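In numbering that gives the first Met the number 0, the protein residues as written are 0 to 125.
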Amino acid sequence: MKVAKQELVVQENGKKEEDETIETEKRKLGGMKTMPFILANEVCDRFVGAGFHSNLITYLTQVLNVPLIKASNTLANFSGVSNFTPLIGALVADSFAGRFWTIIVASIIYEMVRLYSLSQTNQSIT
């Protein structure tokens with residue numbers, strides 16, 4: 000699709016002229032081509048979440064001997080925080096840092112927390 004654009008140009012002598020420029024074709028992004036991938040991603044995310052929650056409640060109550068009420072509260076708090084953090088990331092990406100830097104910084108923070116939690120787990124085992 001070509002877009003014609005008219006601009007009003009004022010020359011040095013005060014005359015007004017219309018300048019027509021034709022922009023190149025604009026690519027249409029997204030649409031129905033990407034929809035199956037987004038839906039499949041959401042379905043897989045829901046399956047993972049359901050499996051994770053059922054396994055975590057079993058682990059907390061049977062292995063760590065946490066009372067059921069405290070385990071369910073912990074799971075609810077974890078779910079709330081994990082569902083809320085994408086909103087914070089979107090706010091940071093759109094308002095301040097941009098997508099690339101937000102993903103890079105969040106990935107670094109995630110890996111640091113992951114490595115720290117693994118090191119704490121290994122210390123408690125030995």
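We treat Cβ as the ideally placed atom computed from N, Cα and C, and that holds for glycine.
Just so you know, these numbers come straight off a predicted model, no measurement behind them.
- Taking the CA atoms as reference points, S81 sits about 10 Å from L74.
- For S71, the uninterrupted alpha helix (DSSP H) run begins and ends at L67 to V91, by DSSP.
- The criterion of a C-beta distance shorter than 9 Å is satisfied by I56 and S71.
- For the set C43, A105 and K69, the Cα lying nearest the Cα of L86 is the one of A105.
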